[in-house]
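A short worksheet on the structure shown next.
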Amino acid sequence: MKLLKCAIYCAVAGTVGFFFGRLISKCPMRPDKGLFRCYAFEKNGALYEKLNIRKWQAKVPDMSRILPFLMPPKNLSGDYAQRLPVMIRETCVAEITHITVSILGLPCLRIWPGMGGVTVTAIFILLLNVPYILIQRYNRPRLIRLYRKLQAREEKKEGAICVC
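Going by the working numbering, the first residue of the sequence shown is number 4, and it counts up by one from there.
If you want it as structure tokens, here you go:
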């Protein structure tokens with residue numbers, strides 16, 4: 004019975020977190036500052052390369068594939084120069100969402116005191132949220148670098164145009 008209560012609570016927490024994420028997706032974010040910046044221990048993505056995120060990230064469920072009408076697609080087809088800022092912002096939103104949902108999962112420790120609650124909470128946080136946080140932290144710097152390259156290329160093109 005406590006397992007069922009924890010499962011229901013986690014499902015509600017995940018749903019609340021999802022709608023929270025959709026709300027904050029409209030807020031301005033600085034993807035290279037604060038919580039979202041690259042930290043020294045990440046070694047410019049080398050940490051995530053060691054975790055082989057590139058190989059397994061496409062295998063985990065993705066809400067943009069499950070509910071495409073609620074979330075922007077995560078691909079660079081079409082005019083990707085315009086889509087990159089949206090994708091970068093979405094990595095911030097997803098990271099905040101999964102951190103929030105992880106914190107919301109902690110009350111399972113009260114719902115089911117002891118090892119049962121610890122196990123459910125650990126599974127909820129470590130398997131259902133941390134991988135997504137790692138994916139965002141892996142992808143965001145790569146997307147930012149690509150966006151900056153595109154901006155530099157555009158600036159170079161504009162500088163080459165001479166109005167005489």
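Quick reminder that beta carbons are idealized off the backbone N, C-alpha and C, glycines included.
Just so it is clear, the structure is predicted and the values come from calculations on it, not from any experiment.
{"Asked": "Would you report the Cα separation of C167 and D65, rounded to the nearest angstrom?", "Found": "Interpretation of C167 is limited by its pLDDT of 44, a score under 50 that renders its predicted location unreliable; the figure taken from the coordinates is listed afterwards. Distance between the alpha carbons of C167 and D65: 52 Å."}
{"Asked": "Using a 10 Å radius around the Cβ and a threshold of 16 neighbouring Cβ atoms, would you call E98 buried or exposed?", "Found": "buried"}
{"Asked": "Use the C-beta contact count for C95: other C-beta atoms within 10 angstroms, 16 or more gives buried, fewer gives exposed.", "Found": "buried"}
{"Asked": "When the Cα atoms are used, what is the spatial distance from V89 to L146?", "Found": "10 Å"}
{"Asked": "Where does the unbroken alpha helix (DSSP H) through P3 begin, and where does it stop?", "Found": "The first residue shown for the chain is 4 and the last is 167, placing residue 3 beyond what the model contains."}
{"Asked": "Taking Cβ positions, are M4 and R92 nearer each other than 8 Å?", "Found": "no"}
{"Asked": "Taking A10 as the reference, which of K152, G119 and G37 has the closest Cα?", "Found": "G119"}
{"Asked": "Out of curiosity, what's the CA-to-CA distance linking C13 and G48?", "Found": "30 Å"}
{"Asked": "Tell me where the alpha helix (DSSP H) around I27 begins and ends.", "Found": "K5 to I27"}
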